[in-house]
Amino acid sequence: MEPAGPVQAARTVTRTAAGPANVMHLLVALRQQWKIAVMLRRLPMILALSVLFSGCGRDTASAPETRTPLPATLAGVYAGELPCSNCAAIEATLWLRSDGRFFFRQRLRDGAASSATAEAPLTTYGLGRWAWDEIAAEAVLRGAGPERRLIVRDEQQLQLRVPSPTPHVLTRDPATPPFGDRIALDGESAVSKNGASFTECLTGLTFAVADAGAYRELRRQHRRLNPRGDVARTTVEAHLVAAEKGTTTTERLVVDRFITLKPGKSC
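According to our numbering, the residues represented by the sequence shown are 1185 to 1451, in order.
Below is the structure:
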């Protein structure tokens, strides 16, 4: 056998030197093929999970929310005795007005309240606006403190939602007169040559002020502290009365005691 020529020797050397590189390329190709095989084995599971999750999403999005319309006869006066941890009972009365406002009175009755020497029961008041939650099917009272929620048990009874095992139930009481207690009110007042008006902050109700009680004192304080006649933040003790026949309003505010007046301030 003849010795290899220069060209043949160069070709032999080239093939020998390229051997390790070819092995590396082969290993890379085998690794890529292994990854593809693994992905193909996992593909059915991935497709199944994607179908499952997409189906759940469609079910959640398409599920309609159950809504309960406002009961037509919900507005009215409700009363009842609520349980009390540090007194005999709480006499509660709720005026749920048809204009979306409410007054809520609670009297703490002590066990000795029936005696002649007993002090008058402690009375607290809440007032503000109420709305109907169609999703929860509850009446929601919003005022100065935390909101209160009431469940409609039937056409005659409401139940306060409270963290107590004892039901706090109020029953419709059509014999109770309209709210007329004397309470402290915070709002805005304005006076003119035709009279005075008062807008309560929490309820947004605006009342004509009756020419009675401390009406003249309210006007005097406006002349003294508010000569420009602007609307002024005002605190009074007052009560509501039915308006006279022939007027455009159904109730008026009687100011029993003037407390403060702050011109330039508002609710």
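No residue lacks a Cβ here, since even glycine has one placed at the ideal position from N, Cα and C. Predicted model, so just to flag it, every value in this text is computed and none were measured.
- Membership of Gln1341 in the beta strand (DSSP E) is indicated by the continuous run Gln1341 to Leu1344.
- Nearest C-alpha to Thr1307 among Thr1383, Leu1325, Val1393 and Phe1287: Phe1287.
- Counting other Cβ atoms within 10 Å of its Cβ, Ala1394 reaches 16 or more and is therefore classed as buried.
- The beta carbons of Thr1390 and Arg1285 sit no closer together than 9 angstroms.
- A direct Cα-to-Cα measurement between Gln1340 and Cys1268 gives close to 23 angstroms.
- Per DSSP, the unbroken beta strand (DSSP E) holding Leu1306 starts and ends at Leu1306 to Asp1317.
- Less than 9 angstroms divides the Cβ of Phe1382 from the Cβ of Gly1371.
- Cβ-Cβ distances below 8 angstroms link Gly1329 to Gly1310 in the same chain, with the five nearest sequence neighbours on each side left out; the list follows chain order.
- Counting other Cβ atoms within 10 Å of its Cβ, Glu1384 reaches 16 or more and is therefore classed as buried.
- According to the DSSP assignment, Arg1366 belongs to no beta strand (DSSP E), since it is labelled neither H nor E.
- CA-to-CA, the gap between Val1324 and Arg1225 works out to about 56 angstroms.
- The beta strand (DSSP E) runs lying completely inside the stretch 1359-1444 and spanning 3 residues or more are 1367-1376, 1379-1384, 1390-1393 and 1416-1426, given in chain order.
- Distances from the alpha-carbon of Arg1356 to those of Ala1263, Tyr1399, Ile1274 and Leu1445 put Ala1263 closest.
- Only buried fits Asn1410, as 16 or more other CB atoms lie within 10 angstroms of its CB.
- In this structure, the alpha-carbon of Ala1321 lies about 31 angstroms from that of Ile1367.
- Within its own chain, the residues whose Cβ lies closer than 8 angstroms to the Cβ of Glu1421, once the five positions on either side in sequence are excluded, are Arg1366, Ile1367, Ala1368, Leu1369, Val1439, Asp1440, Arg1441 and Ile1443, listed in chain order.
- In terms of Cβ geometry, Arg1326 and Leu1334 do not form a close pair [threshold 9 angstroms].
- Rounded to the nearest angstrom, the Cβ distance from Glu1318 to Thr1252 is 6 angstroms, consistent with a contact under 8 angstroms.
- The beta carbon of Leu1266 is closer than 6 angstroms to those of Ile1274, Ala1276 and His1352 in its chain, skipping five residues each way along the sequence.
- Taking the Cα positions, Val1336 is about 47 angstroms away from Arg1404.
- In the three-state DSSP reduction, Arg1293 falls in the strand class (E or B).
- The continuous beta strand (DSSP E) containing Leu1325 extends over residues Glu1322 to Arg1326.
- Under the three-state reduction of DSSP output, Arg1225 falls in the helix class.
- For Ala1416, same chain residues with a beta-carbon under 8 angstroms away, outside a window of 5 residues either side, are Glu1372, Ser1373, Ala1374, His1406, Leu1409, Asn1410, Leu1445, Lys1446, Pro1447, Gly1448 and Lys1449 in chain order.
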